[in-house]
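Here the protein sequences line up with chains A and B, keeping their order. Here the first sequence stands for residues 10 to 422, where the numbers follow the working numbering. Here the second sequence stands for residues 10 to 422, where the numbers follow the working numbering. For every residue, glycine included, the Cβ atom is placed at its ideal position computed from N, Cα and C. Notes follow the structure.
Protein chains: 2
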Amino acid sequence: MLAKSSTELVRQKNSALVLSALRRHGPLAHTELSDFTKLSSATVSVITADLERAQIIEKAEQQAASGRGRPRVLFSQRRDCGYLIVVVISSDAVQYSLVDYTGRLMDRFTEERQQSVAGVDRFVAGLRDALNRIAARSQLPRDKVLMISISSKGLVDASEPVLRWSPIFGRDEIDFAAVLRDEWSAQIILGNETLLVAAALGRQEDIRTRGNFRAMAALSLGHSIGLGIVRRDHEGNHQISAPNFGHMMHVPGGGLCRCGARGCIEAYAGFYAILRTAFDVPLDTIPAKFVPIAELDKIAVSARQGGRRNVLAFRQAGLALGTGLSRVLSLHERMPIVITGPGVRYYDLLIEGMTEGLAESHVVRMEGMPELRVIVDEPTLVFEGHLNRALSIIDNHIVRRGAAVMELRDRAS
Amino acid sequence: MLAKSSTELVRQKNSALVLSALRRHGPLAHTELSDFTKLSSATVSVITADLERAQIIEKAEQQAASGRGRPRVLFSQRRDCGYLIVVVISSDAVQYSLVDYTGRLMDRFTEERQQSVAGVDRFVAGLRDALNRIAARSQLPRDKVLMISISSKGLVDASEPVLRWSPIFGRDEIDFAAVLRDEWSAQIILGNETLLVAAALGRQEDIRTRGNFRAMAALSLGHSIGLGIVRRDHEGNHQISAPNFGHMMHVPGGGLCRCGARGCIEAYAGFYAILRTAFDVPLDTIPAKFVPIAELDKIAVSARQGGRRNVLAFRQAGLALGTGLSRVLSLHERMPIVITGPGVRYYDLLIEGMTEGLAESHVVRMEGMPELRVIVDEPTLVFEGHLNRALSIIDNHIVRRGAAVMELRDRAS
DNA sequence: GATTTTTTTCTCGACAGTCGAGAAATTTAG
DNA sequence: CTAAATTTCTCGACTGTCGAGAAAAAAATC
């Protein structure tokens, strides 16, 4: 309750409403826009005229008349209104994608990252390089790139695009804004990978349940463990957050984690932890930097054939996840949990422990087991999350900029 | 992003702004209102005129002119605009307070609750009775009571005034709206006690830091353990939530808790749990319903003199709290923690364990120890929280109703 | 005591935004 | 070729905010 309201703000909000309808449902006619936004036809006229003048949207050449009556003219977003570069940093590679304003993929390549050289400086140099390359290949003027959206596993600052801690670079922070400021005028945003998964799921669920969506958690299983939570606030906006779940305390004084602390959930449920338990290595052994998935597959095969030690390894991982999730539910509310990431292939081995870990807690006893869903294709969700988040931020900027433009025009006259 | 915006909404928001300025800073003159709200003088005129016509605010008889120039006329809230009944349910008593629209206490009494008869029906009958009594004593017409704000320890539904679980009534739910609907037209709201503490602290902190406030947690120590979290969202509103902290899993398969589950934080840090450890009673003993504080004081005295078993009891409680808090911080962000409730008198004995429990976790290693503050007077905070929450909801209703009134007027003409 | 200064409140006209109603446009059906 | 249907556009009414300046009222000054 700080900011006063004004008629300009009203216009901004309603313009944003129009843009988001267009983003969600593709090209729309005047009438449809009016239906979706609940704005009157007259208002839609004014807003679309404004946006058209600002070159944000355009009238599609009118399609063959489909019914009788005056044929509808469709408004659609202008592809060339601006561009977005998506950077997905994973443990073994970095993927760069160029996307236009409508969300269409225009170019993409992947740079392998050598495990050996993990220096931040090296990485940053590679990043600058690759960004320059993707921009050059597209032959777009640089200032047409409105945003660079980056994701990584690890701990991300809440307000600035700073990577505080990551499984790859440890405590060597990276301030992406500082690093890219001199070369790019684009806005830089950074998000935890699983946060973006949650963002994508939240939108899917919102469409699926037609607005009855409340909250949802995304759990990503892999070498490290990620959690993203998406909730609808009282105004209908989606609040996404990426708790530091993988490094939440599981057992005080427990197994040594990659982060240097002891007893983190990841130190029980991460790939390296499962390996450690399976081979009965002492819990204070320094974790492996990288575990080929084939190694884990072998353990899984053995576990599925009843290998005791290996069954136990997955069970313990499941327990750590289940107990951790029960704690999450205690601190929030009951919500469905979507499980994704490379680790879902062991879901059959993990589920028993997870269920047990969940079942014991007061929340679950009270409100029942949360719904658990499995989604295999994580990379797609991550990319979708990038688009959702970045493009809707761009839309918001545009409507704000619109106001600024009007102001300039007024001052000129 | 569902609702469209309109000029009426602008008026509502700005009216709310005026009311909240008046609530925060007491009677204000036209100019001051304009300063606080950043609204133009003209707008303030229109809004105050409206509110005055609707009998929400009034011009105070002008005070002795203090400087030169036209003397300022102060606007103040009208006391008789509406009333609020606050019901604070604690383990041994229920306190009823009647408050006017400005937040001034008008009447208050306390009903002892016998420990023996804890039937929900009995309790509800007593509640209806007491509410009738406080209304009768004030001689106010019933429809002037706009809201009944109830608080209890335990688990409260997020959207409806339903007590899902409480240390007093266990799983016997109470739907306060259903119970009071036939006798009261007032809106019924229910909040967890520590949630209200957090609400009060949030407002205090917001004023203290002049808007730089981000987030804060309130931890209430007593027979049971409560946690409230208050955060400022991107729009500056305070989001308060009451996680089920006391019954978050501390140790799987651990000590038996009053809730029936095993290993809850409360089963280690609640008064009964401290007693249990101190007397070396098996952890699966059914917890005492009530522990006189004198009992705990004795243990504390002995602990302060070095009694090993008793030191351990408090240390274990502290550890449970510390580990639990570290988990909360993992799932949210770093925030100051205010400790309150009857248990703070043992803070000296708890702090060591708490610090240790906190220190081990990844978040604390990364971001440092959170600030811990102690506030002794919990009941005042609870009452303040009631007022903050209830009165600001009332203000919001009023500005909405204002619009409805205009509509009626229009339809009549 | 009359005039000026200062401070506060009120009022007026301009402007931005939304809305409902109906006009205009444009196609199909008959 | 006319009528019906459907979509888009335009106009006037209304609400809300704002800046500027008028009006009010007391203190300071002559």
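- Three or more Cβ pairs closer than 8 Å define a contact, and the stretch 191 to 200 of chain B falls short of that threshold against the stretch 220 to 230 of chain B.
- The beta-carbon of Val154 of chain B is placed no less than 8 Å from the nearest beta-carbon of chain A.
- For Val103 of chain B, DSSP records a beta bridge to B:Ile98 and B:Glu120.
- By the neighbour-count definition (other C-beta atoms within 10 Å, threshold 16), Ser370 of chain A is a buried residue.
- Per the DSSP secondary-structure output, Asp184 of chain B pairs in a beta bridge with B:Val171.
- Across the stretch 44 to 70 of chain A, CB contacts with chain B closer than 7 Å involve Thr46, Lys47 and Leu48, in sequence order along the chain.
- A straight-line Cα-Cα distance of about 7 Å links Ser29 of chain A and Ser401 of chain A.
- Note that the C-beta distance between Pro296 of chain B and Arg318 of chain B is not below 8 Å.
- Annotation: Arg240 of chain B is outside any alpha helix (DSSP H); the continuous beta strand (DSSP E) that includes it extends over Gly235 to Arg241.
- One Cα belongs to Ala368 of chain A, the other to Leu340 of chain A, and the distance between them is close to 16 Å.
- Within the stretch 162 to 183 of chain B, contact with chain A at the beta-carbon level (separation under 8 Å) is assigned to Leu164, Ala167, Arg173, Trp174 and Arg180.
- Identification of chain B residues near Lys22 of chain A by a Cβ-Cβ cut-off of 8 Å yields Lys13 and Ser14, ordered along the chain.
- Under the three-state reduction of DSSP, Gln248 of chain A is assigned to strand.
- Residue pairing by DSSP places Met225 of chain A opposite A:Val239 in a beta bridge.
- Nearest to Arg240 of chain A by C-alpha distance, out of A:Ala309, A:Arg212 and A:Met258, is A:Arg212.
- A direct Cα-Cα distance of roughly 18 Å separates Pro345 of chain B from Gly394 of chain B.
- The stretch 180 to 187 of chain B makes no contact with the stretch 228 to 246 of chain B; the number of CB pairs closer than 8 Å stays below 3.
- For Leu114 of chain B, not one C-beta of chain A is nearer than 8 Å to its own C-beta.
- Closer than 8 Å to the CB of Thr332 of chain A there is at least one CB belonging to chain B.
- Around Glu342 of chain B, the beta-carbon contacts reaching into chain A at under 8 Å are Ala167.
- Rounded to the nearest whole angstrom, the C-alpha separation of Trp174 of chain A and Leu265 of chain A is 17 Å.
- Of the residues assessed, Asp386 of chain B falls on the exposed side of the cut-off, its CB having fewer than 16 other CB atoms within 10 angstroms.
- Looking from the CA of Met363 of chain A, the closest CA among A:Pro351, A:Asn397 and A:Leu321 belongs to A:Leu321.
- Following the DSSP letters along the chain, one finds Glu67 of chain A in no alpha helix (DSSP H) but inside the beta strand (DSSP E) bounded by residues Ile66 to Lys68.
- Three or more beta-carbon pairs drawn from the stretch 87 to 94 of chain B and the stretch 144 to 161 of chain B are found closer than 8 Å, and the two stretches are therefore classed as touching.
- For the options A:Glu202, A:His34, A:Thr286 and A:Pro351, the alpha carbon positioned closest to that of Val383 of chain A is the one of A:Pro351.
- Taking the C-beta atoms as reference points, Ile283 of chain B is found nearer than 8 Å to Phe323 of chain B.
- Inter-segment contact for the stretch 19 to 26 of chain A and the stretch 41 to 56 of chain A is present: three or more beta-carbon pairs are separated by less than 8 Å.
- Distances from the alpha-carbon of Tyr356 of chain B to those of B:Leu381, B:Gly78 and B:Leu338 put B:Leu381 closest.
- Taking C-alpha positions only, Arg410 of chain B is separated from Glu17 of chain A by approximately 24 Å.
- Separation of the CB atoms of Arg122 of chain A and Ala102 of chain A is rounded to 6 Å, and the pair is thereby assigned contact status at 8 Å.
- The three-state secondary structure of Gln314 of chain A, taken from DSSP, is coil.
- Straight across, the Cα-Cα distance linking Leu338 of chain A with Ala251 of chain B is about 12 Å.
- An exposed status is given to Gly262 of chain A, since fewer than 16 other beta-carbon atoms sit within 10 Å of its beta-carbon.
- Judged by beta-carbon spacing, Gly333 of chain B lies within the 8 Å limit of Ile274 of chain B, meaning their Cβ atoms are closer than that value.
- Ser85 of chain A: member of the beta strand (DSSP E) spanning Leu83 to Gln86, first to last residue.
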